[in-house]
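Numbering (the numbering used here), first residue to last: 5 to 92.
We put the CB at the ideal spot given by N, CA and C, even for glycine.
Remember, it's a predicted structure, so these values are computed and weren't measured experimentally.
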């Protein structure tokens, strides 16, 4: 699983119904896993966060896919996705 980690660059507190909620203005990417070589895989299924990091860092996103609509069973458990989204 490819991953990316971020940390906020600014934070402010937003008051919602008497509760303070931290809101992050921007993020700096602490770590972004490198993409596998094209010889290793045609496409990589990644999180939206990983795709955003790749875009912001100018990485090639042409082989990235993210999960589309969620499919749930009768108990409300996620069991799959309805489609894949092409990132780049």
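### Nearest neighbour of residue 45, chosen from 33, 61, 11 and 5 [CA to CA]
5
### Task
May I ask you to report which of helix, strand or coil DSSP gives residue 67?
coil
### Task
Would you check if the segment 23-41 and the segment 75-88 touch, i.e. whether three or more CB-CB distances between them fall below 8 angstroms?
no
### Task
Identify every residue that forms a DSSP beta bridge with residue 84.
75
### Query
Between residue 37 and residue 21, what straight-line distance do the alpha-carbon atoms span, to the nearest angstrom?
39 angstroms
### Task
Could you say which of 86, 50, 65 and 55 lies nearest to residue 73 if we only look at CA atoms?
86
### Message
Cutting at 8 angstroms between CB atoms, please list the residues of its own chain near residue 16, excluding the five before and the five after it.
### Response
26, 27 and 29
### Task
Give the single residue among 55, 48 and 19 whose Cα lies nearest to the Cα of residue 10.
55
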